[in-house]
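In this note's numbering, the protein residues as written are 836 to 946. Yeah, the Cβ is synthetic: ideal placement off N, Cα and C, and Gly gets one too. Everything numeric in this text was worked out from a predicted model, so none of it was measured. A quick write-up on the structure given underneath.
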């Protein structure tokens with residue numbers, strides 16, 4: 836099955852409560868995966884704001900970014916490689932409501 840590049844998380848303002856910004860589709864066969872490949876977070880505000888990101892949960896053990904601080908008027912771009920099975924999620928939140936804008940690019944199986 837072919838993989839196609841997709842915007843897993845379109846530009847989304849992060850709130851102070853964790854939210855599932857992406858849920859991997861149900862794949863058949865179950866061995867198929869979505870893959871998050873690129874993370875972009877923008878802080879357009881005049882002060883620093885931190886964000887967190889968890890894979891399939893928000894507990895400390897599932898966080899791949901934990902209170903990562905972005906300086907005022909800055910951008911964070913990072914190549915990542917997080918495979919996600921059917922139903923697994925990417926959760927994101929910030930310590931300032933509706934300031935940071937996050938985007939995640941990746942691949943899904945084309946059906």
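- Using a Cβ-Cβ distance cut-off of 8 Å, the segment 837 to 848 and the segment 898 to 913 are not in contact, since fewer than three pairs of beta carbons, one from each stretch, lie closer than that value.
- In the three-state DSSP reduction, residue 871 falls in the strand class (E or B).
- For residue 897, the secondary structure class from DSSP, reduced to helix, strand or coil, is helix.
- In the structure shown, residue 859 falls within a coil segment according to DSSP collapsed to helix, strand and coil.
- As the crow flies, the alpha-carbon of residue 871 is around 5 Å from that of residue 917.
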